[in-house]
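Just so you know, the protein sequences line up as chains C and P, in that order. Just so we're aligned, residue 1 is where the first sequence starts under this note's numbering, counting upward by one. Just so we're aligned, residue 1001 is where the second sequence starts under this note's numbering, counting upward by one. For reference, the structure discussed in these notes is given below.
There are 2 protein chains.
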Amino acid sequence: MAVVEDDIFRALADPTRRAIFEKLAGGSMNASALREGMAISQPAMSQHLAVLRGAGLVREARQDRFVNYDVDPAGVALIAQWLAKYRAYWPARIDALKVVLKEMDQ
Amino acid sequence: MAVVEDDIFRALADPTRRAIFEKLAGGSMNASALREGMAISQPAMSQHLAVLRGAGLVREARQDRFVNYDVDPAGVALIAQWLAKYRAYWPARIDALKVVLKEMDQ
DNA sequence: ACTTCACATAAGTGTCTGCTTATCTGTGGC
DNA sequence: GCCACAGATAAGCAGACACTTATGTGAAGT
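Listed below in structure tokens is the structure:
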């Protein structure tokens, strides 16, 4: 379990990987599409995606000649669970999460 | 702003640092107390605390001859804000955060 | 002033990371 | 079968990271 968190935080520690993750959060994409406008070589992208996949933050699905990637909700949920341990330290004025909760209640 | 996230995730990428952070979440402590039962040298602890402090996850306060450390809510809030961007991917069945929201509404 | 204790900083070192170029694998079209 | 293209893997390398030992700093007690 702690090993999982290790993979997750390690994956997110790299700014390029966070950018890839953020891009995927906007919609599933193949590796080539992700690469557009990112000044990153093809092998580098492939390696980053492998790390994100290993951390459970991203899923892959072969689709004809392309490989489609998308955010894995399981990974996001793990971060949420980890963060929930420290809810005692969320200042009340931070209401970004309050908004989220309201949305989830609907 | 992205630099801040970089510091945060990089700080949390190290398991030893996460353990320190978790220990501090249970109550403020000085560096020596933190070191108890952790098989870690004094300089290593000092360096880890410096990284956590640099990331805004931990605060320090001199108190006579000791330096007291505690969790910085601002850092935790930043993670919450970052995570909030991906709320679309939190599976509904993950209710750890729902519980949190309920508590916040009270 | 001197010692003691808590902690920070300096300097050095092995290991890990992220990048590169080169090459392999796999799938579809002809 | 062959070629073209998407992507993965291999190998090598520069820089970053976490640790170590040694030393510095700063505050309290005598």
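Built from N, CA and C at the ideal position, the CB exists for glycine as well. These figures come from a predicted structure and were not determined experimentally.
- Contact with chain P is absent for residue 64 (chain C), since none of that chain's Cβ atoms lies less than 8 Å from the residue's Cβ.
- In this chain, the beta strand (DSSP E) harbouring residue 1059 (chain P) covers 1058-1063.
- With fewer than 16 other Cβ atoms from the protein chains shown falling within 10 Å of its own Cβ, residue 1003 (chain P) counts as exposed.
- With 16 or more neighbouring CB atoms inside 10 Å of its own CB, residue 10 (chain C) falls in the buried class.
- The contact set of residue 1053 (chain P) on chain C, defined by CB atoms closer than 7 Å, is empty, because the minimum CB distance reaches about 15 Å.
- Using a CB distance cut-off of 8 Å, residue 1060 (chain P) does not count as an interface residue toward chain C.
- With respect to chain C, the C-beta atom of residue 1086 (chain P) has a partner C-beta closer than 8 Å.
- Under the DSSP assignment, residue 70 (chain C) falls in the beta strand (DSSP E) whose first and last residues are 66-71.
- At a cut-off of 8 Å, the C-beta of residue 4 (chain C) has no neighbouring C-beta in chain P.
- By the beta-carbon neighbour count (other beta carbons within 10 angstroms, threshold 16), residue 66 (chain C) is exposed.
- Straight across, the Cα-Cα distance linking residue 1071 (chain P) with residue 82 (chain C) is about 15 Å.
- In this structure residue 1048 (chain P) is in contact with residue 1017 (chain P), their Cβ atoms being roughly 5 Å apart against a cut-off of 8 Å.
- In the structure shown, the three-state DSSP call for residue 45 (chain C) is helix.
- Residue pairing from DSSP places residue 1029 (chain P) in a beta bridge opposite P:1069.
- Residues of chain P whose Cβ lies closer than 7 Å to the Cβ of residue 67 (chain C) do not exist; the shortest such Cβ separation is about 20 Å.
- Under the Cβ criterion of 8 Å, residue 1049 (chain P) is not counted among the residues facing chain C.
- In this structure, residue 1055 (chain P) sits away from residue 90 (chain C), with a CB-CB distance that is not shorter than 8 Å.
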